[in-house]
Each structure stands twice: as structure tokens, then as C-alpha cells.
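Before any comments, here is the structure.
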Amino acid sequence: MQDKTTRLAETSARTGLRINKRKTELMKINTTVNTPVTVGGEPTREVESFVYLGNVIDKQGGTDRDVAARTGKARAAFIMLKNI
115 MQDKTTRLAE TSARTGLRIN KRKTELMKIN TTVNTPVTVG GEPTREVESF
165 VYLGNVIDKQ GGTDRDVAAR TGKARAAFIM LKNI
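Heads up, this note's numbering is the position in the sequence shown plus 114, with the first residue counted as 1.
If you want it as C-alpha cells, here you go:
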């Protein structure tokens with residue numbers, strides 16, 4: 115994983131793109147390897163879930179967190195409409 119991350123950073127740098135070290139997160143799925151992955155010498159933060167294009171992606175592959183997030187957003191929108 116480290117090799118692929120390093121190659122991605124190098125290839126990106128050649129085209130003028132930089133990986134934001136502070137925003138980079140890592141989710142390991144179906145692996146027993148606990149070797150830390152670094153970007154530019156800084157370790158990446160391992161997460162259980164993250165938001166990608168408005169969808170919650172979690173380690174288990176379930177949709178519970180995504181449905182809960184969308185339900186919460188819809189509820190908030192309805193509460194805002196109530197005051198109209």
C-alpha cells in the first residue's frame with residue numbers, strides 16, 4: 115500500500131498536483147497488515163468511515179450510516195420549511 119501511495123504522490127507531483135497530507139485518510143478493508151502508510155513522510159489517519167460525493171462509505175460496506183445521515187438532512191430541511 116505504501117508503494118502505491120508513494121507512486122501516486124510522485125506521479126501527481128509531475129503534473130502539478132499535490133496530495134494534502136492533513137486531509138488524507140486511509141480505510142483498510144479485509145487486511146491484517148498494520149503497517150502505517152505515510153504521505154510525504156507524515157502518517158495518514160485511519161478511519162472507519164468517510165464521506166465521498168455525499169455518500170457515507172464505511173468499513174463494513176453497510177448503508178446504515180448513509181441512510182441515517184440522509185434522514186437527518188431531510189429532517190433538518192423539513193424543520194426549516196415549518197417556519198415558512
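Quick reminder that beta carbons are idealized off the backbone N, C-alpha and C, glycines included. Remember, it's a predicted structure, so these values are computed and weren't measured experimentally.
Cutting at 6 Å between CB atoms, please list the residues of its own chain near residue i, excluding the five before and the five after it.
i, result
"residue 150", "157"
"residue 132", "none"
"residue 94", "The chain is shown only over 115 to 198; residue 94 falls outside these bounds and no answer can be derived."
Rounded to the nearest angstrom, how far is the Cβ of residue i from that of residue j, given a contact under 8 Å?
i, j, result
"residue 153", "residue 163", "The pair is not a contact, with the Cβ atoms about 20 Å apart (cut-off 8 Å)."
Between the C-alpha atoms of residue i and residue j, what's the straight-line distance to the nearest angstrom?
i, j, result
"residue 166", "residue 139", "12 Å"
"residue 179", "residue 160", "18 Å"
"residue 187", "residue 142", "28 Å"
"residue 117", "residue 123", "10 Å"
"residue 193", "residue 148", "44 Å"
Let me make sure I understand the geometry here. Which of the options has the alpha-carbon closest to that of residue i?
i, options, result
"residue 145", "127, 190, 115", "115"
"residue 135", "184, 121, 129, 155", "155"
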